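Participant: Okay, so the sequence shown: first residue is 1258 according to the numbering used here, each after it adds one.
Sending over a structure as C-alpha cells; questions will come in a sec.
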Amino acid sequence: MSEPTLTLKPNREKSVLRRHPWIFSGAAARVDGEAAPGDTVIVRSASGDFLARAAYSPHSQIVARIWSWDESEPIDADFLRRRIARSIGARAALSETTNAVRWVNAESDGLPGLIVDRYADIVVCLFLTAGAERWKNEIAEALGSQKGIVGVYERCDADVRSKEGLKSVEGVLRGMRPPDLVEVWERAPSTPSHPQKWRYAVDVLRGHKTGFYLDQRENRKVAFEFARRQSILNVFSYTAALTINGWWNNPTEIISLDSSAPSLALAKHNLTINNLPINGLTEGNAFQLLRKYRDEGQTFDLVILDPPKFAHSESQINKATRAYKDLNWLAFRILNPGGHLITFSCSGLISEDLFQKIVFSAALDAKRNAQIIQRLSQASDHPVLLSFPEAAYLKGFVCRVE
C-alpha cells in the first residue's frame, strides 16, 4: 500500500531543504491518501520531488514534523531504536559526572516531540506530538530494554498535548512505578569540607517538567564559583539545587525563596541529605518579597533569578517582558556594589537579544552600571540542532554590578 503524501504549496519547500523539522499548515497544499494523526507521510514539493518523511498532525498549526530526509529510510520500530540508541550513546560520557541525564531532546535528536529523561534507574518521558504518541509503545519498549532501567514512566504536558489534539495521560509504560522520590547525584567540585557528589531527591511523579531542571546542570556550577564568602538570594529556588551548589563554597548566608510549600519541603530534604544548613528557606511571592527587601534596605552580594516560563505564546511576550524587567529591576536595587546577578529566562519566545535588552533596561532604570561577564545556556544533553534554533530556549547572564 502506498504511503500517504503531503504536498507543499509552490515555493514552500525552502525550509525543508534547509533541514528545518517543522512544516506549518499554511505551507501544505493537500494530503493524498489516508493519514490519521501521527501517521507517517511523505512530504513532496509542488513539483512532486521527495523532500522528507514526517509525522502528520492535522490538529496542529505544525501540520508535520520531519522524521527523516532520507528517502530510503522507512519510519518503523527499527528506525526508532536506532535513533534512541544514537541519542543515548551521544551522552555516554555524562555517566562519569551524573546519573540524571536527558537522553532524548526531541527535534534536536531527530525524534520530534519526544523528551526522555533518565533519573538513576527510572526513565521519564513526555510525548508531546501526534507522531511521538503514535509510536509510544515502540519507544517505551526501546527505553525499557536499556541496561539498568527498571521503569519507564510517562508525564504529561497538557497544554502542549492539547494543541496536538491529544488527551492528558500519565502512568507507567514499562516496569515498576517510580517511588515518591528518586535520588540522583552530580559530581561536585572537591573541597576540604565536602564529599565529591551532590545528592538530589527528584519528584518525578509531581515535580516541574519531568521532576528536575536537568538543563541547569552546568549553570549550577556557576553558582558554586560565585558563592564564596557572599550573601546570596536564590529566587524561584524550587528544590534548592542552586542553593546546594552555593552552600558548597562557604557563603556567608543563602536565602532560598519559592512560592511553593511542597517545593520548599523537598528543598529542605535535599539540603538535609547533603548535610547543609536548612535555614533561609522562605515561602512567598517573589515580586512581593523582593520589594520588601528593597524597602527594608536588605542587600545581597549575589542574586540568582531562575523564574518559570513567562511567555507561553506570542500574545504573552509583552506581558512577559514587563515581568522580566520588573524582576531584574528589583534585583539590581538590592545588590551590593561589586555584586553579581545571575539571571535566566527559559521562555523560548524571548530571544537572547531581547532578554539582554530587558536586563539592560532594568539596570538603567535602577541606575546601576552592569557588565555581562558570562553567558549561560542549557546543558550539553539539551543540544540545539543548527537548523532548528527554536531548541535554544534557556538563556542567562552573569552580570557584575557597580
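Glycine included, every Cβ here is placed at the ideal spot set by N, Cα and C.
Computed from a predicted model, the values in this text were never measured in an experiment.
Comparing C-alpha positions only, which one of Gln1487, Asn1507, Ala1480 sits nearest to Val1494?
Facilitator: This sequence places Ser at residue 1494; Val is not what is there. When only C-alpha atoms are compared, the closest one is Ala1480.
Participant: What residues in its chain sit with their C-beta under 6 Å from that of Lys1566, if we drop five residues either side in the sequence?
Facilitator: Closer than 6 Å at the Cβ level, and outside the excluded window around Lys1566, lie Cys1603, Ser1604.
Participant: Could you tell me whether the region 1516-1526 touches the region 1583-1592, using the rule of 3 or more Cβ pairs below 8 Å?
Facilitator: With a cut-off of 8 Å, the region 1583-1592 and the region 1516-1526 do not count as touching, because too few Cβ pairs lie within range.
Participant: Any contact of the region 1260-1275 with the region 1294-1311, i.e. 3+ C-beta pairs under 8 Å?
Facilitator: Counting Cβ pairs under 8 Å, three or more are found: they touch.
Participant: Which ranges does the beta strand (DSSP E) cover as unbroken runs of at least 3 residues, wholly within the region 1433-1520, from first to last along the chain?
Facilitator: DSSP runs (the beta strand (DSSP E)) wholly in the region 1433-1520: 1439-1444, 1454-1459, 1488-1492, 1510-1515.
Participant: Span of the alpha helix (DSSP H) holding Ala1415?
Facilitator: Residues 1415-1420.
Participant: Three Cβ pairs or more, each shorter than 8 Å: is that satisfied between the region 1358-1374 and the region 1426-1440?
Facilitator: The region 1358-1374 is not in contact with the region 1426-1440.
Participant: Just checking my contact of Arg1431 with Ala1397 at CB under 8 Å: how many whole Å lie between their CB atoms?
Facilitator: Confirmed, about 5 Å.
Participant: Does DSSP put Gln1555 in a helix, a strand or coil?
Facilitator: Of the three classes helix, strand and coil, the one that applies to Gln1555 here is coil, per DSSP.
Participant: Per DSSP, what kind of secondary structure is Leu1385 in: helix, strand or coil?
Facilitator: Three-state DSSP puts Leu1385 in coil, outside helix and strand.
Participant: Helix, strand or coil: which one does DSSP assign to Trp1392?
Facilitator: Looking at Trp1392 - three-state DSSP - the assignment turns out to be coil, as it is neither helix nor strand.
Participant: Candidates Ser1637, Lys1466, Leu1584, Phe1557: which alpha carbon is nearest Val1616's?
Facilitator: It is Leu1584.
Participant: Using beta-carbon positions only, say whether Arg1412 and Leu1383 come within less than 8 Å of one another.
Facilitator: Yes, these two residues count as a Cβ contact at 8 Å.
Participant: Does Pro1435 pass the burial test, meaning 16 or more other C-beta atoms within 10 Å, or should it be called exposed?
Facilitator: By the neighbour-count rule (16 or more Cβ atoms within 10 Å), Pro1435 is buried.
Participant: Judging by CA-CA distance, which residue of Asp1558, Asp1472, Ser1317, Glu1510 is the nearest neighbour of Pro1640?
Facilitator: Among Asp1558, Asp1472, Ser1317, Glu1510, the Cα nearest to that of Pro1640 belongs to Asp1472.
Participant: Can you tell me whether His1597 is buried or exposed, with buried defined as 16 or more other CB within 10 angstroms of its CB?
Facilitator: Looking at its Cβ environment, which holds 16 or more other Cβ atoms inside 10 Å, His1597 is buried.
Participant: Let's test the definition: count the other Cβ atoms within 10 Å of the Cβ of Thr1600 and tell me whether it reaches 16, buried, or not, exposed.
Facilitator: It is buried - the Cβ of Thr1600 has at least 16 other Cβ atoms within 10 Å.
Participant: Threshold first: 3 residues or longer. Then list the beta strand (DSSP E) segments lying entirely within the region 1576-1607, N to C.
Facilitator: DSSP runs (the beta strand (DSSP E)) wholly in the region 1576-1607: 1592-1602.
Participant: Please go through the same chain and pick out, in chain order, the residues whose beta-carbon is closer than 7 Å to the beta-carbon of Gly1661, but skip the five residues on each side of it.
Facilitator: Residue coverage of the chain in this structure runs from 1258 to 1659, which leaves residue 1661 outside it and unanswerable.
Participant: So if DSSP puts Val1373 in a beta bridge, which residue, or which two residues, is it bridged to?
Facilitator: Val1361, Cys1382, per the DSSP bridge assignment.
Participant: Output needed for Gly1370: all residues of its chain with C-beta closer than 7 Å, excluding positions within five of it in sequence on either side, in chain order.
Facilitator: Cβ neighbours of Gly1370 beyond the five flanking positions: Arg1322, Ala1363, Phe1384, Leu1385, Thr1386, Gly1388, Ala1389.
Participant: Thinking C-beta only, is Thr1509 closer than 8 Å to Ala1524?
Facilitator: Against a cut-off of 8 Å, the Cβ pair of Thr1509 and Ala1524 comes out as no contact.
Participant: Cutting at 8 Å between CB atoms, please list the residues of its own chain near Lys1454, excluding the five before and the five after it.
Facilitator: Within the same chain, Lys1454 has close Cβ partners Trp1442, Glu1443, Arg1444, Ala1445.
Participant: DSSP beta-bridge partners for Trp1279?
Facilitator: DSSP lists Arg1322 as partners of Trp1279.
Participant: Which residue comes first and which comes last in the alpha helix (DSSP H) that contains Leu1621?
Facilitator: Run containing Leu1621: 1609-1622, per the alpha helix (DSSP H) assignment.
Participant: From Ala1458 to Gly1537, what distance separates their C-alpha atoms?
Facilitator: Rounded to whole angstroms, Ala1458 to Gly1537 spans 19 Å at the Cα level.
Participant: Please report the Cβ distance between Asp1289 and Tyr1313, rounded to the nearest whole angstrom; I am assuming they are in contact, meaning their Cβ atoms lie under 8 Å.
Facilitator: Rounded, the Cβ-Cβ distance is 12 Å, inconsistent with contact.
Participant: Where DSSP assigns a beta bridge to Ser1570, which residues make up the other side?
Facilitator: Answer is none; Ser1570 lacks a bridge partner.
Participant: Would a C-beta distance cut-off of 8 Å place Ser1644 and Arg1310 closer than the cut-off?
Facilitator: Against a cut-off of 8 Å, the Cβ pair of Arg1310 and Ser1644 comes out as no contact.
Participant: For Glu1328, is the classification buried or exposed, using 16 other Cβ atoms within 10 angstroms of its Cβ as the cut-off for buried?
Facilitator: Flag for Glu1328 reads exposed.
Participant: With respect to the alpha helix (DSSP H) encompassing Lys1271, which residues constitute its N-terminal and C-terminal limits?
Facilitator: Element bounds for Lys1271: 1271-1274.
Participant: Name, in chain order, the residues that DSSP records as bridge partners for Glu1540.
Facilitator: DSSP, once it has assigned bridges, lists Asp1515 as partnering Glu1540.
Participant: Is the beta carbon of Glu1330 sitting closer than 8 Å to the one on Ala1377?
Facilitator: No, the pair does not count as a contact, with Cβ atoms beyond the cut-off.
Participant: Distance check for Leu1606 and Glu1571, CA to CA, integer angstroms please.
Facilitator: Roughly 7 Å between the two C-alpha positions.
Participant: Could you check if Ile1345 is buried or exposed, using at least 16 other CB atoms within 10 Å of its CB as the buried criterion?
Facilitator: With 16 or more Cβ atoms within 10 Å of its Cβ, Ile1345 is classed as buried.
Participant: I'd like to know if the region 1546-1558 and the region 1526-1537 are in contact, where contact means that at least 3 CB-CB pairs between them fall below 8 Å.
Facilitator: Judged by Cβ distances under 8 Å, the region 1546-1558 makes no contact with the region 1526-1537, as fewer than three pairs qualify.
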